[in-house]
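Report on one structure; see the data block that follows.
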Amino acid sequence: MRHRITASIILVAMSQQMKHKFALLISLLFASACLPCPASEPFPGISGDKTLVVWASPANLTQRGGSALTIDDGESHFDGIVFGEIAAAKWMAGSDFYSRTRREQDAVPAETAGPDTMVQIAIVNRDNEVTIYRNGQLYSRHEIQSPQRFGSNSAVVIGLRHLQAQDGACFAGAIDDARIYNVALTAEQIGDLRANQLSEPEPVAWWNFESGKAEDVLGAFPPGKLIGKARIDAGKLMLDGVDSYLVTPPTVSAKPQAVTSPDVAKALTLNYHLMHPGGASLPGDPNAAFCLDGVYHLHYILAHPWRAKRSFSFVHVTSNDMLHWTWKSTKLQPSFTGHGMFSGTGFLTREGRPAAIYHGQGSGRNQIAIAKDRQISAWEKPYAVDVRNADGTEAKIAHWDPDCFLIGDTYYAISGGEQPPLFKSHDLKNWTYVGPFLQHDMPDVAYGEDVSCPNFFRIGDKWMLLCISHPLGCRYYLGDWDAKAEQFVPEQHVRMNWRRDDQSLFGRPPWRVDFFAPESLLTTDGRRVMWAWLATIGSTNGNMDNRTIQSLPRELSLSGDGNLRIKPLRELQTLRRDPVVLREITIGDLTGEVLPAVAPVGTKIATLTSDAAEIRFTITREQASRKIFGFTLFADGQGGGLPIVFRPETGTLRVGTAEAPFAANDLAADEDLELRIFIDKYLVEVFANDRQTMVASHADYEGKPDLTAFTVGAPITISKVEIWNLNPTNQGFFEAQQDRIWQPDSE
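Numbering of the sequence shown is given in the numbering used here, commencing with residue 215 and proceeding in unit increments.
Below you can see the structure in the form of structure tokens.
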């Protein structure tokens, strides 16, 4: 440390020219002696101002979305020097969901440097302002709401945009020098920087590659790992743009860039839930759902290799009852569209033609594709959604998860984000910006929650916005459409996803989105039916479950009191067989005991004879009142299993370790408590009085068919227990595993 301070004092005293020469001499001495620069402390984290600097030469100006330097907190937040993600050949301050990014980039100059020319790019975060410099000259500037904090366990990535980059976009070119400062450098200080020379102030981390190693020469980060064909040559990090990057610490795992895992194992294959028949496939957002001439069509996202990178397609399945599915040839895929498929929705044109609006991966735009027929056997080429202001200038909006809907003869569309923009068209080609879609947000929506995977439709005498926020999962708004203002006026906001105890309080990642990315359609008989991707249902480590399992179809309706009712799809009743009915079962209380960490051993009331079953409990409102009671599925006789607990003291229904609002005391005096439970091997879905729904997974289900009941404080009598085994609907799943008709092109 003494040598380091002395060198800094000498540098201050020297002229600027001498500083550069002296610093270069010090660096060369350390490099030639095969020694690192004087070691700093481990990376302490950055909570406010910072500066990222890189000297880079892009291999080409058409690449999209790679990063020359990224700092990632390991919880899906990142800041990076990103090239060409929103607009080709333009540098930008990349960030999670563009939360600290300037999205309007028309005025930002395009890069012109050739592959042999190094350019210095510096991104400065000072308070709530982000400034980008190119070769010491101002490049762009914008305001942000607040800076992102990066803790001491943060990772650094060079090449890949960030650790969770779903598109796997990587920078192609050479990196001569990359460094991170925990202060906001001035324009003069940035202009004085020279590649491979130490500066004053010193960076907290510095990669100059002069030693031929992927190491931070200041020692704040441990030595990095080179992924793919990344290599160091003549003091530069060389990246080919195809799954090649540097990551540190090397124990950090970035999202895999190719899907090569085997098909779903037989033990994990479900009986009557829709799931992908191939291998790892996340994200599995359901998309573009239609009911056409009595046939139901659904698409879901599939990640797959394409041209040696990772891309995304819409897999197409059809059904006559929304339970028995047949896989079709995948039409909406990058070999046809020219880009990957990110979330959107399906809608019908005024002429009754099925159409899809979605975000085109890497295109920087939302896209529209229109099917050539009502069998959706082929599509017209998609085209970008071009939104203009009333004066004809391009509207500065974010392009993200879109939705399109008809009101009268006017097409309206929204694009995802914290405040979704609304735009309209009469022909699906010429779009005019209207303004913010939401007239206001609701008090229980936290700042920073985005509206993504939106689906807007009329239900009863209200309008419903079904959507997610990425941190907290599926949710919905109910309200009115203000035709004069052309805005949605929300009146209610309700969650549909519930955190488990083993999930992060904050999410993304570790994710906490068991119920995620909804999509819905209108049936021929007028029912609104929705699905959601069970994104983390089988995960205990915060990662997403890559099996791509869709929830049971749920029927949505509006009750007389203006609240949403959620029922299991009525067609599920056609799967029932082997009925068993039990009546007037009294369960003794456990007086004197508090509710333990695991469910009480309870009283055995049935042994299930199938791993595909439906159970319906009926309990009078009076019997259910004020009692802590519940049931345990997969009971092991020692209190283990999956508990389902009614908790009057918190007004919640607990399934496993997740709790959702529901109280028997809120039911009308003459309304029985009705609980419907659907068991599909390890997957369980619970419906309580059509008012609350929950999902859970229990891996240790095999060989544990017992169903028990328990109560604490007072006995309870169950009026009726009905049990049915359910027939499987997965014939199409097994056929698709064999014929692989859904497999997208890889080249």
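Here a beta-carbon is modelled for each residue, glycine too, at the ideal position from N, C-alpha and C.
Taking all protein chains shown into account, decide if residue i is buried (16 or more other Cβ within 10 angstroms of its Cβ) or exposed.
{"i": "Gly855", "result": "buried"}
{"i": "Arg363", "result": "exposed"}
{"i": "Leu352", "result": "exposed"}
{"i": "Lys595", "result": "exposed"}
{"i": "Arg355", "result": "exposed"}
{"i": "Val795", "result": "exposed"}
{"i": "Asp287", "result": "buried"}
{"i": "Pro256", "result": "exposed"}
{"i": "Glu961", "result": "exposed"}
{"i": "Gln945", "result": "exposed"}
{"i": "Cys251", "result": "With a pLDDT of 49 at Cys251, under the threshold of 50, the predicted position of this residue should be treated as unreliable, though the coordinate-derived value follows. Answer is buried; the Cβ neighbour count reaches 16."}
{"i": "Gly554", "result": "buried"}
{"i": "Lys480", "result": "exposed"}
{"i": "Asp391", "result": "buried"}
{"i": "Pro258", "result": "exposed"}
{"i": "Ala517", "result": "buried"}
{"i": "Glu325", "result": "buried"}
Measure the alpha-carbon distance for residue i versus residue j and round it to whole angstroms.
{"i": "Thr465", "j": "Thr559", "result": "38 Å"}
{"i": "Ala585", "j": "Pro568", "result": "6 Å"}
{"i": "Lys427", "j": "Arg445", "result": "9 Å"}
{"i": "Thr788", "j": "Ile893", "result": "16 Å"}
{"i": "Leu735", "j": "Ile673", "result": "12 Å"}
{"i": "Ala307", "j": "Leu778", "result": "41 Å"}
{"i": "Met710", "j": "Trp745", "result": "12 Å"}
{"i": "Ile682", "j": "Gly382", "result": "23 Å"}
{"i": "Ala434", "j": "Lys610", "result": "40 Å"}
{"i": "Thr832", "j": "Glu798", "result": "10 Å"}
{"i": "Ala910", "j": "Phe948", "result": "24 Å"}
{"i": "Ala826", "j": "Pro616", "result": "36 Å"}
{"i": "Gly774", "j": "Ser290", "result": "42 Å"}
{"i": "Trp593", "j": "Tyr486", "result": "30 Å"}
{"i": "Lys841", "j": "Ile829", "result": "21 Å"}
{"i": "Gly350", "j": "Arg408", "result": "11 Å"}
{"i": "Pro724", "j": "Arg742", "result": "32 Å"}
{"i": "Asp454", "j": "Ala386", "result": "5 Å"}
{"i": "Pro323", "j": "Arg768", "result": "49 Å"}
{"i": "Gln471", "j": "Lys523", "result": "Low local confidence applies: a pLDDT of 43 at Gln471 is under 50, so the model's placement there is unreliable, with the coordinate-based value given in what follows. Taking the straight line from one Cα to the other gives about 7 Å."}
{"i": "Asn501", "j": "Gly851", "result": "42 Å"}
{"i": "Glu424", "j": "Met332", "result": "16 Å"}
{"i": "Thr737", "j": "Phe504", "result": "8 Å"}
{"i": "Asp914", "j": "Ala923", "result": "19 Å"}
{"i": "Ala448", "j": "Gln277", "result": "24 Å"}
{"i": "Lys781", "j": "Gly740", "result": "14 Å"}
Among all the DSSP beta bridges, which residues are the ones paired with residue i?
{"i": "Leu889", "result": "Phe831 and Ala902"}
{"i": "Asp312", "result": "Residue identity differs from the one stated: residue 312 is Tyr in this sequence, not Asp. None, per the DSSP bridge assignment."}
{"i": "Ala159", "result": "In the structure as shown, the chain begins at 215 and stops at 961. Residue 159 is therefore absent and cannot be evaluated."}
{"i": "Glu936", "result": "Val795 and Arg830"}
{"i": "Asp391", "result": "Trp269"}
{"i": "Pro500", "result": "Tyr514"}
{"i": "Ala419", "result": "Ile394"}
{"i": "His707", "result": "Tyr691"}
{"i": "Trp593", "result": "Ala585"}
{"i": "Tyr626", "result": "Phe619 and Lys638"}
{"i": "Ile260", "result": "Phe364"}
{"i": "Glu402", "result": "None, per the DSSP bridge assignment."}
Using a Cβ cut-off of 7 Å (strictly closer), state whether residue i contacts chain B.
{"i": "Asp390", "result": "No chain B is part of this structure, which consists of one protein chain only."}
(message) Is it the case that the region 574-586 contacts the region 394-411, given that we only count it when at least three CB pairs across the two stretches are under 8 Å?
(response) In this structure the region 394-411 does not touch the region 574-586; the number of beta carbon pairs closer than 8 Å is below three.
(message) Under 8 Å, with one C-beta from each stretch per pair, do the region 730-741 and the region 454-465 reach the 3-pair mark?
(response) Segments in contact, no.
(request) Give a yes or no on contact between the region 647-658 and the region 626-637, applying the rule of three or more CB pairs nearer than 8 Å. (result) In this structure the region 647-658 touches the region 626-637; the number of beta carbon pairs closer than 8 Å is three or more.
(message) Would the region 950-959 count as touching the region 872-886 if we require 3 or more Cβ pairs under 8 Å?
(response) Taking 8 Å as the limit for Cβ pairs, the verdict is that the region 872-886 does not touch the region 950-959.
(request) Evaluate contact between the region 915-928 and the region 863-878, counting only Cβ atoms and requiring at least three cross-stretch pairs below 8 Å. (result) Contact fails: fewer than three Cβ-Cβ distances are below 8 Å.
(message) Report the start-end ranges of each beta strand (DSSP E) in the region 664-691 that is 3 residues or longer and not cut off at the edges.
(response) Entirely contained in the region 664-691, the beta strand (DSSP E) runs reaching 3 residues are, in chain order, 666-673 and 676-683.
(message) Between the region 266-278 and the region 331-342, can you find at least three pairs of beta-carbon atoms closer than 8 Å?
(response) The region 331-342 makes contact with the region 266-278, as at least three CB pairs between them are under 8 Å.
(message) As an exercise, report each continuous alpha helix (DSSP H) stretch of at least 4 residues that is fully enclosed by the region 262-329, in chain order.
(response) Annotation: the region 262-329 contains no complete segment of the alpha helix (DSSP H) (minimum length 4 residues).
(message) Taking 8 Å as the cut-off, does the region 756-769 touch the region 693-702 (at least 3 CB pairs, one atom from each stretch)?
(response) Inter-segment contact for the region 693-702 and the region 756-769 is absent: fewer than three beta-carbon pairs are separated by less than 8 Å.
(request) Tell me, please, whether the region 481-497 touches the region 759-768 by the rule of three or more beta-carbon pairs shorter than 8 Å. (result) At 8 Å Cβ cutoff, the stretches touch.
(message) Quick check: the region 300-315 against the region 404-419, are at least 3 beta-carbon pairs closer than 8 Å?
(response) Contact fails: fewer than three Cβ-Cβ distances are below 8 Å.
(request) Output the residue ranges of the alpha helix (DSSP H) runs that lie fully inside the region 725-774 and measure 4 residues or longer, sorted by chain position. (result) Counting whole runs of 4 or more residues, the region 725-774 contains no alpha helix (DSSP H) stretch at all.
(request) List in chain order: all unbroken beta strand (DSSP E) runs of 3+ residues lying wholly within the region 514-574. (result) Complete beta strand (DSSP E) runs here, min 3: 523-533, 539-541 and 554-562.
(request) Mind listing, in chain order, the continuous beta strand (DSSP E) runs of no fewer than 3 residues lying wholly within the region 348-373? (result) Taking 3 residues as the shortest admissible run, the region 348-373 contains the following complete beta strand (DSSP E) segments, listed from N- to C-terminal end: 351-357 and 369-373.
(message) Just to confirm the assignment: which complete beta strand (DSSP E) runs, minimum length 3, are found wholly within the region 837-884?
(response) DSSP runs (the beta strand (DSSP E)) wholly in the region 837-884: 842-849, 856-861, 866-869 and 872-875.
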